[in-house]
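Undergrad: Residue numbers for the sequence shown follow the numbering used here, so the first one is 109 and each next one is one higher.
By construction, the Cβ of each residue, glycine as well, lies at the ideal position given by its N, Cα and C atoms.
No experiment lies behind these values; they were computed from the predicted model shown.
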Amino acid sequence: MDPQPPTGVTVVSLGVTRGYNRVFVRWQTGAETDVLGFNIYRGTDVRAMQQGSAVKLNARLIPSRAAGPGQGAAYGYIDRGFDPEASYYYWIESVAGSGARQVHGPVAATLPGASPCAAKGICPVGPRAVGQ
């Protein structure tokens, strides 16, 4: 049997749906034990959480909605405060009653209007830069 995650939550899916002037971050937990809730972070680099440059989006902890210990729930968050020309990465952070925290993600969101190569961080330049 696998050991319990540090915050007692198993995230079974994490994704984003982009739209006009918004990004919908959604996640599903398979099981939660002693989880107070979640925080959402956004960064422009895949290493933003490790580098400390990711921005926390929610003002207050998003509370756990699991019906009971060991049960999961579905969650969502709408992000409207971004540059429509950029690509972003999103993370969720679970927070346990003990104070333990665990980061899940990232998941990438290439926004409409952003260069397709921006999410990779490598964009060709010059006359052969076709398909951007």
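Is A216 helix, strand or coil by DSSP?
TA: In the structure shown, A216 sits in a strand (DSSP, three-state: E or B).
Undergrad: Determine, using beta-carbon pairs with one atom in the segment 191 to 205 and one in the segment 146 to 156, whether at least three such pairs fall under 8 Å.
TA: A contact exists between the segment 191 to 205 and the segment 146 to 156.
Undergrad: Going by the beta-carbon positions, is the gap between L165 and D142 smaller than 8 Å?
TA: Not closer than 8 Å, so no.
Undergrad: Ends of the beta strand (DSSP E) at A182?
TA: Looking at the DSSP string, the run of the beta strand (DSSP E) that includes A182 is 182 to 187.
Undergrad: Looking at the unbroken beta strand (DSSP E) that takes in Q136, where does it start and where does it end?
TA: Residues 130 to 140.
Undergrad: Compute the beta-carbon to beta-carbon distance between M157 and V117, rounded to the nearest angstrom, for a pair I have assumed lies under 8 Å.
TA: Their Cβ separation, rounded to whole angstroms, is 17 Å, which puts M157 and V117 out of contact at 8 Å.
Undergrad: Identify which residue in G127, A181, N147 has its Cα closest to the Cα of W199.
TA: Checked all of G127, A181, N147; the closest Cα to W199 is N147.
Undergrad: Name the two residues that bound the continuous alpha helix (DSSP H) containing A194.
TA: Premise fails: A194 is in no alpha helix (DSSP H) and is neither H nor E.
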